[in-house]
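Trainee: Take the sequence shown: its letters are residues 1 to 176, numbered as in this note's numbering. Every residue, glycine too, gets a C-beta built ideally from N, C-alpha and C.
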Amino acid sequence: MIYERRQAHFWSSVALIGLLPLGFLVALLCRPTYAPAGAEANGLFDAAGFASADQQRNAKVIKTMVWQNAVVPIEGEILQLVSEGKSILAVTPTVPLRQPDVLLYWLAGKSAAPDTLPANALLLGSLAGQSRREFTIPAAMQGKAGNLLIYSQAKDTVLSVLPLAADMTTLSHRES
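1) In whole angstroms, what is the alpha-carbon distance linking V61 and A90?
2) One question on the structure: do D101 and S126 come within less than 9 Å of each other, judged by their Cβ atoms?
3) Do K144 and A166 come within 9 Å of each other at the CB atom, strictly closer than that value?
4) Measure the CB-CB distance between L159 and I150 and report whether it falls below 9 Å.
5) Evaluate P21 with the Cβ neighbour count: other Cβ atoms within 10 Å of its Cβ, from every protein chain shown; 16 or more gives buried, anything less gives exposed.
6) Pull up the distance between the alpha-carbon of L104 and that of L148, whole angstroms please.
7) Quick one, which of G146, T64 and L29 has its alpha-carbon nearest P114's?
8) So what does DSSP say about A128, is it helix, strand or coil?
9) Looking at the unbroken beta strand (DSSP E) that takes in P100, where does it start and where does it end?
10) Pop quiz: T169 and M141 are said to be a contact at Cβ under 8 Å. What is the actual Cβ separation, rounded to whole angstroms?
11) Just the Cα atoms here: how many angstroms apart are S13 and Y3?
12) Have a look at A39 and F45 and give me their C-alpha separation to the nearest angstrom.
13) Rounded to whole angstroms, what is the Cα-Cα separation between S111 and A119?
14) Spatial neighbours of V71 within its chain, please: C-beta separation below 6 Å, excluding the five flanking residues on both sides.
15) Would you mind stating whether H99 and S152 have Cβ atoms separated by less than 9 Å?
Here you go:
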């Protein structure tokens, strides 16, 4: 290699050794900070049907059920938020879900267990792992008997059908 070319490569390497860490530090210091969502965003979450994650909520358990005979064993609770007048379906898989893209749907009516997802099924949300999920019971579901469908989107198949009685979805429960 030519001596002048070696000198150019040497000095460019020295410059990179000094400038790259400095550029990295400047980039870290200049990155924008994003503020967490404020209280004004709560309306958006309510409109999208997300259950409130507020630990101070005054929720009472209306009914608890366990579906052990299902392909995917699940424990469920119906909670009523006293302050907001809403009902929430809390679902906890008792074993980790090892199926890809598992979704929870609501199908109105006491029909036979479908093999494929019907067009009139109402999406409640996603299930994964073994963590507890909470879904606001939508108006279309309140006071109606039906089935909860556990559906694998990747396999395009209904994994499990869980019956849910009409008294489980009404807002007017009172504890005895």
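Mentor: The relevant details are as follows:
1) Stepping through the sequence shown from its first residue, residue 61 is reached at position 61. Stepping through the sequence shown from its first residue, residue 90 is reached at position 90. Cα to Cα, the separation comes out at about 10 Å.
2) One-based indexing of the sequence shown puts residue 101 at position 101. One-based indexing of the sequence shown puts residue 126 at position 126. In this structure, S126 lies closer than 9 Å to D101 by Cβ.
3) As a first step, residue 166 must be located in the sequence shown, where it is residue number 166. As a first step, residue 144 must be located in the sequence shown, where it is residue number 144. Contact: yes.
4) In the sequence shown, counting from the first residue as 1, residue 159 sits at position 159. In the sequence shown, counting from the first residue as 1, residue 150 sits at position 150. Yes. Within cutoff.
5) The residue given as residue 21 occupies position 21 in the sequence shown. Classification for P21: exposed.
6) Translated into positions along the sequence shown, residue 104 becomes position 104. Translated into positions along the sequence shown, residue 148 becomes position 148. CA-to-CA, the gap between L104 and L148 works out to about 7 Å.
7) Taking the first residue of the sequence shown as 1, we reach residue 114 at position 114. Nearest option by C-alpha distance: G146.
8) On the sequence shown, position 128 is the one that residue 128 refers to. It is a strand residue.
9) Looking up residue 100 in the sequence shown gives position 100. Per DSSP, P100 belongs to the beta strand (DSSP E) from L97 to A108.
10) The count along the sequence shown starts at 1 and reaches residue 169 at position 169. The count along the sequence shown starts at 1 and reaches residue 141 at position 141. 5 Å between Cβ atoms; contact.
11) In the sequence shown, the residue the question calls residue 13 occupies position 13. In the sequence shown, the residue the question calls residue 3 occupies position 3. Their backbone Cα atoms lie some 15 Å apart in a straight line.
12) Residue mapping note: residue 39 aligns to position 39 of the sequence shown, counting from 1. Residue mapping note: residue 45 aligns to position 45 of the sequence shown, counting from 1. Roughly 10 Å between the two C-alpha positions.
13) Here residue 111 corresponds to residue number 111 of the sequence shown, with the count starting at 1. Here residue 119 corresponds to residue number 119 of the sequence shown, with the count starting at 1. If I take the Cα positions, the gap works out to 14 Å.
14) Within the sequence shown, the letter at position 71 stands for residue 71. Result list for V71: L159 and S160, in chain order.
15) Locating residue 99 in the sequence shown gives position 99, counting from the first residue. Locating residue 152 in the sequence shown gives position 152, counting from the first residue. One point to set straight first is that residue 99 is Gln, not His, in the sequence displayed. Their beta carbons are under 9 Å apart, which means Q99 touches S152 by this criterion.
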